[in-house]
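Residue numbering for the sequence shown follows the numbering used here, starting at 1436 and increasing by one per position.
Quick reminder that beta carbons are idealized off the backbone N, C-alpha and C, glycines included.
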Amino acid sequence: MPEVLSPFVYWAQTESNLTLKVDLKDVKNPYVQLENKKLQFGAQGYGARGLNKYAFTLDFHSAIDPEESHYKVYDRNVDFTLKKKESGWWPRITGMPQKPAWLKIDFDRWKSEEDVEDDDESRDIMEDYPNMYNKLEKEELGYKRDSIEGTYEAVGGPMKFCQLMQFLEVMHPMFGYTKGGFVVPLLQVLGRSIILFCMIDAEPRMHTKPVIFYLFLIWSIVEFVRNIPYFEETQRFTVSLPNSWNFAFHCPTAMRIYLLILFFPGMYMMMSHMYKARVKKLSPKKYHSKAH
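Shown next, in the form of structure tokens:
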């Protein structure tokens, strides 16, 4: 008999409601049966064991109102909002003291009876002023954070192609096109390929992580810096005197100038601009001491 896989379920409560978040991505054919003190769920999707069929049964501590309860399927999870039949704080979600291993607390939504202070509840500026916050973020950073999540979708294909082309660095020494051994280039290229193809491309949940943006940025900067000796050796894109145009251009020097004058100072100027934009928008008050 095949093993029944259970997804991770995160729960939280208020005095009148119970919330469940089923950690299952790209859910298909969901099956939900909700009773007074029982919830049965089954669906196919991406969970902790990859693409499989997941199911679980949850026996509640107290009764709920199925008519006032509802659920919604999202791309990354399934959310349940269950109405308690009688308002009150439950000591636990299950009827039995033993909690299943896949059932966890949703700390982002968790509230206890002592934490409920509606008048003094902290406000979130992103939720209170979304338009103003998005405008400030775009002026300060030059982009919205949503663009970071789409990095792999935008440049993942070209990055994979460039990574495959890097295996030429391994084949050139093997075939005698260049001097040197092939072991060191093989270890370097193979390490990046394992990260890109096995750890990132094979796991769709990694595609939207901000670390992908920073990883691709660092890889690109490293390639730019380490290729300077190659251009010095081959003199590629270098124009030497004398020539009919009476013009000279040294590509490695131009690359160094870009790094020293444009890249690092440009980064400083951008950070300064971001700080000034934030000061201008937030308008901090300046206090001056009175002269005696």
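query, result
"Out of curiosity, what's the CA-to-CA distance linking K1463 and F1648?", "30 Å"
"How far does the beta strand (DSSP E) with A1447 in it extend, from its first residue to its last?", "1444-1448"
"For A1589, tell me which candidate among F1651, S1675, D1494 has the shortest Cα-Cα distance.", "F1651"
"Whole-angstrom Cβ separation of F1666 and V1674, contact assumed at under 8 Å?", "So it is not a contact: roughly 13 Å between Cβ atoms."
"Can you give me the start and stop residues for the alpha helix (DSSP H) that P1593 sits inside?", "1586-1600"
"List the DSSP bridge partners of N1452.", "K1518"
"How long is the line joining the alpha carbons of I1583 and G1530, rounded to whole angstroms?", "43 Å"
"Count the C-beta pairs between the stretch 1522-1536 and the stretch 1481-1490 that are closer than 8 Å, then say yes if the count reaches three, no if not.", "no"
"In whole angstroms, give me the CA-to-CA distance for R1544 and V1618.", "51 Å"
"Out of G1477, H1496, K1488, T1454, point me to the one whose CA is closest to N1471's CA.", "H1496"
"What is the DSSP secondary structure of Q1682, counted as helix, strand or coil?", "Inspection of the sequence shows that residue 1682 is occupied by Phe rather than by Gln. If DSSP states are grouped into helix, strand and coil, F1682 belongs with coil."
"So which of S1679, N1678, P1645, P1687 has the shortest CA-CA distance to N1662?", "P1687"
"Please classify V1618: does DSSP put it in a helix, a strand, or coil?", "helix"
"Can the beta-carbon of Q1598 be found closer than 8 Å to that of L1622?", "no"
"Using the three-state DSSP reduction, which class does L1676 fall into: helix, strand or coil?", "coil"
"Taking A1712 as part of the alpha helix (DSSP H), name the residues at either end of that continuous run.", "1699-1717"
"Starting from V1660, trace the alpha helix (DSSP H) in both directions and tell me its first and last residue.", "1645-1661"
"Straight-line CA distance for M1594 to V1605?", "18 Å"
"Can you have a look at A1542 and say buried or exposed, based on whether 16 or more other CB atoms are within 10 angstroms of its CB?", "Just to set this straight, residue 1542 is Phe in the shown sequence, not Ala. It is exposed - the Cβ of F1542 has fewer than 16 other Cβ atoms within 10 Å."
"Quick one: is L1697 near chain B, going by C-beta distance under 8 Å?", "In the structure shown, chain B does not exist; there is a single protein chain."
"K1473 and R1511: beta carbons closer than 8 Å?", "no"
"How many Å lie between F1515 and S1707 at the Cα?", "45 Å"
"By how many angstroms is the C-alpha of G1591 removed from the C-alpha of T1613?", "30 Å"
"From M1609, Q1601, G1616, pick the residue whose C-alpha is nearest to that of R1627; which is it?", "Q1601"
"Straight-line CA distance for V1646 to S1655?", "14 Å"
"Label W1446 either buried or exposed according to how many other C-beta atoms from any shown protein chain fall within 10 Å of its C-beta, with 16 as the threshold for buried.", "buried"
"For S1441, count the other beta carbons within 10 Å of its own beta carbon; 16 or more makes it buried, fewer makes it exposed. Which is it?", "buried"
"Start and end of the alpha helix (DSSP H) containing H1607?", "1603-1610"
"Looking at the secondary structure, which residues open and close the beta strand (DSSP E) in which G1480 lies?", "1473-1482"
"Between which two residues does the beta strand (DSSP E) carrying N1487 extend?", "1485-1494"
"Give every residue of the same chain whose Cβ lies closer than 8 Å to the Cβ of F1659, excluding the five residues on either side of it in the sequence, and list them in chain order.", "M1690, L1694"
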